[in-house]
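Residue numbering for the sequence shown is 3 to 428, as defined by the numbering used here.
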Amino acid sequence: MAVRRPLLRIPYTEVFAAPRIIPRHATTPSAAVEALSAFMTAPPRPGLPSSTVVLTGAGLSVASGLADYRGENGTYRVNKTYRPIYFHEFLASHEARKRYWARSFLGWTTLHEAKPNTSHYALRDLGRLGYVHSVITQNVDSFHHAAHPDLPSTVELHGYLRATVCTTCYREYPRDTFQDELARLNPIWAEFLADAIAAGAFAPEDPTTEAPARREPASLSAIRGVRTNPDGDVDLPNAPYTTFRYPPCAHCLANPPVADDGTTMAVEVDADGAWALPHTSNQTDCGTNVRFPGILKPAVIMFGESISPSAKHAAEAAVDGAGRLLVLATSLATYSAWRLAKRAKDRGMPIAVVNVGGVRGEDAFFADLDDNQPGAAGVRVEVPTDAVLPPLVDELHRLAPGGVYQQGTGHGTSQVDPALFRDMLS
3 MAVRRPLLRI
13 PYTEVFAAPR
23 IIPRHATTPS
33 AAVEALSAFM
43 TAPPRPGLPS
53 STVVLTGAGL
63 SVASGLADYR
73 GENGTYRVNK
83 TYRPIYFHEF
93 LASHEARKRY
103 WARSFLGWTT
113 LHEAKPNTSH
123 YALRDLGRLG
133 YVHSVITQNV
143 DSFHHAAHPD
153 LPSTVELHGY
163 LRATVCTTCY
173 REYPRDTFQD
183 ELARLNPIWA
193 EFLADAIAAG
203 AFAPEDPTTE
213 APARREPASL
223 SAIRGVRTNP
233 DGDVDLPNAP
243 YTTFRYPPCA
253 HCLANPPVAD
263 DGTTMAVEVD
273 ADGAWALPHT
283 SNQTDCGTNV
293 RFPGILKPAV
303 IMFGESISPS
313 AKHAAEAAVD
323 GAGRLLVLAT
333 SLATYSAWRL
343 AKRAKDRGMP
353 IAVVNVGGVR
363 GEDAFFADLD
373 DNQPGAAGVR
383 VEVPTDAVLP
393 PLVDELHRLA
403 PGGVYQQGTG
413 HGTSQVDPAL
423 FRDMLS
C-alpha cells in the first residue's frame with residue numbers, strides 16, 4: 003500500500019519586503035538600543051503584567067556558527083534546490099532514513115561543538131534583571147537550554163536535536179550516544195569524519211575577519227576522495243549513503259511492542275545490531291511506525307509533523323502570561339511562530355521585532371504605531387541581535403543597578419564554523 007504524499011511546501015522561501023523602521027531614527031545599533039530600552043521599561047498597558055516574553059528564531063544562532071534559513075546567507079537563499087526531509091518520508095522509507103542519518107552523522111560535529119553566543123547570554127541577563135520571564139524558541143540547537151537554565155520558562159517549540167525519540171514507544175535517547183552507535187555501525191564514515199575534523203573542516207573562524215582573509219576550509223572532495231552529489235547527498239569511496247546503518251530503539255528491541263490487533267511487532271536487526279527491514283514477504287518499505295517498530299527519529303518537529311500539544315499550550319501560556327513580546331532573529335515564516343505574535347497583538351501587547359530582513363505580515367503588528375514614538379509602544383529595527391542585546395543589558399543594568407547581573411561576565415563567545423556541513427542535519 004503506497005503512502006499518500008501530503009500537500010506540503012516549505013513556507014516563504016523568498017525574501018520578505020523591507021521593514022518599516024520604528025522609531026524612524028532607529029537605524030543604528032545605538033539608536034536601536036535606545037528604542038528597545040524604552041520598550042522594555044515602559045509601564046505595562048492596563049490589565050497586562052510587566053514581564054516580557056521573547057520569541058526567537060534561527061538568526062539568533064548565526065553568531066554561533068549555525069546556518070539560518072531566510073537570512074542573507076541562509077539555506078533557502080544560498081541553495082535554491084534545498085529540500086528537507088518530510089516526516090512522512092522519514093517514517094515510510096528505510097532509504098530516506100539512511101540518507102538522513104548519514105548527513106546528520108557528519109553534520110552533528112558542527113552543532114555539538116558550537117556554543118551559545120552573546121545573544122543567548124544577554125537573554126539570561128535580562129531574566130536576571132527581571133525583564134524577561136519566558137523564552138519561546140523555534141531553534142532546535144539547545145543553546146537557550148544551556149545559556150539560561152534558571153529562566154522560569156523556556157519553550158522549545160520545535161523540539162531539540164540533543165536527543166532522539168522512538169516513533170513507537172516515544173522513549174528518548176541522548177544524541178551523543180546515538181552518534182557513537184552510528185560510528186560503530188559505519189566505520190568507513192567514522193574514519194572519514196575523523197579525517198575531516200583533522201583537516202580542519204570544523205575549525206571555528208573569527209566572524210570579525212573579512213571574508214577574503216579567512217582560512218579556506220578543507221573541501222569535501224579533498225578529503226579521501228569524497229563525492230558530493232548534485233542534490234547534496236554525500237557518497238564516500240566504498241560506502242555510498244545507501245549502505246549507511248542506524249540503530250533501533252533499544253527498549254523496543256528488548257521488549258517488542260504489541261500492535262492494536264494483539265500481534266507482536268518484533269524489531270529486526272542485522273548481525274551488528276543495526277535496524278533492518280522485516281523479512282516478511284508482504285512487508286515493504288512503505289508503511290508507518292506501526293508496521294516498522296523501533297525507528298528512532300530526531301526529537302524535533304520535522305516538516306509535515308504536528309507540534310506537540312504540550313509545547314503549543316506552553317507557548318500560548320507564555321504569551322498569555324506576559325505584557326509585551328520581543329521577537330528576535332526570525333521572519334515568523336512558520337505559522338507556529340507567526341500565530342504567537344498574532345496572539346500577542348490580539349491581546350493588546352506591545353511588540354518589538356529585531357530582525358535583519360522583512361517579517362511575515364509585520365505591517366499588521368505596527369500599522370497603528372506612530373513612527374516617531376520613542377519605542378515604548380513598539381519597535382521594529384533591522385540590526386543583528388548580537389549588536390544590540392549585550393548593550394541593551396548594560397543599559398538596563400545602568401537604569402536598574404539593583405539587579406543581580408554582573409557586567410562583562412558570561413556573555414559567551416561568538417564563533418562561525420565553515421558552511422561545509424551546514425545543511426547536513428536536515
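All residues carry an ideal CB built from backbone N, CA and C; glycine is no exception. What you are looking at is a predicted structure, and each value in this text was computed from that prediction instead of being measured.
- Around the C-beta of residue 260, fewer than 16 other C-beta atoms lie within 10 Å, and the residue is accordingly described as exposed.
- Distance between residue 377 and residue 136, taken at the CA atoms: about 21 Å.
- Per DSSP, residue 49 lies in no alpha helix (DSSP H) and is assigned neither H nor E.
- Put simply, of 395, 402 and 389 the residue whose alpha carbon is nearest the alpha carbon of residue 30 is 389.
- By the Cβ criterion, the region 44–57 is not in contact with the region 88–104, since fewer than three pairs of Cβ atoms, one from each stretch, lie closer than 8 Å.
- One Cα belongs to residue 127, the other to residue 319, and the distance between them is close to 22 Å.
- If only uninterrupted alpha helix (DSSP H) runs of at least 4 residues are considered, those enclosed by the region 128–215 are 145–149, 177–187 and 189–200.
- Excluding five sequence positions before and after residue 391, the CB atoms of its chain that fall closer than 6 Å to its own CB belong to 121 and 124, given in chain order.
- Shortest Cα-Cα distance from residue 252 to any of 114, 36, 394 and 173 involves 173.
- Rounded to the nearest angstrom, the Cβ distance from residue 28 to residue 34 is 5 Å, consistent with a contact under 8 Å.
- For residue 374, the number of other beta carbons within 10 angstroms of its own is below 16, and it is reported as exposed.
- DSSP, read as helix, strand or coil, puts residue 108 in helix.
- Setting aside the 5 residues that flank it on each side, residue 134 is surrounded in the same chain by 53, 54, 55, 56, 125, 128, 153 and 328, each with a C-beta closer than 8 Å to its C-beta; the list follows chain order.
- Going by beta carbons, residue 307 and residue 334 fall outside the 9 Å limit.
- By the neighbour-count criterion, in which a residue is buried when 16 or more other Cβ atoms sit within 10 angstroms of its Cβ, residue 348 is exposed.
- A distance below 7 Å between beta-carbons, with the five flanking residues on each side excluded, links residue 271 to the following residues of its chain, in chain order: 250, 255, 277 and 278.
- In terms of Cβ geometry, residue 37 and residue 383 form a close pair [threshold 9 Å].
- In the structure shown, the three-state DSSP call for residue 265 is coil.
- In the DSSP assignment, residue 390 falls within the unbroken alpha helix (DSSP H) covering 387–401.
- Residue environment analysis places residue 66 among the buried positions, since at least 16 neighbouring C-beta atoms fall within 10 angstroms of its C-beta.
- Under the three-state reduction of DSSP output, residue 17 falls in the coil class, being neither helix nor strand.
- Residues 87 and 92 of the same chain have their beta carbon placed closer than 7 Å to that of residue 102, with the five preceding and five following residues left out of the count.
- By the C-beta density criterion, residue 39 is buried, having at least 16 other C-beta atoms within 10 angstroms.
- With a cutoff of 9 Å on beta-carbon distance, residue 186 and residue 274 are scored as near each other.
- Beyond the five residues adjoining it in sequence on each side, residue 371 comes within less than 8 Å, by CB distance, of 24, 379 and 380 in the same chain, given in chain order.
- In this structure, DSSP gives residue 22 a state outside helix and strand, which the three-state scheme calls coil.
- The beta-bridge partner set that DSSP reports for residue 326 consists of 54.
- Under DSSP, the beta-bridge partners assigned to residue 382 are 24 and 355.
- The beta-bridge partner set that DSSP reports for residue 298 consists of 168.
- Pairing residue 368 with residue 396, the inter-Cα distance amounts to about 27 Å.
- Taking a 10 Å sphere around the C-beta of residue 59, we find 16 or more other C-beta atoms and assign the residue as buried.
- Burial state of residue 315 is exposed, judged by a 10 Å Cβ sphere holding fewer than 16 other Cβ atoms.
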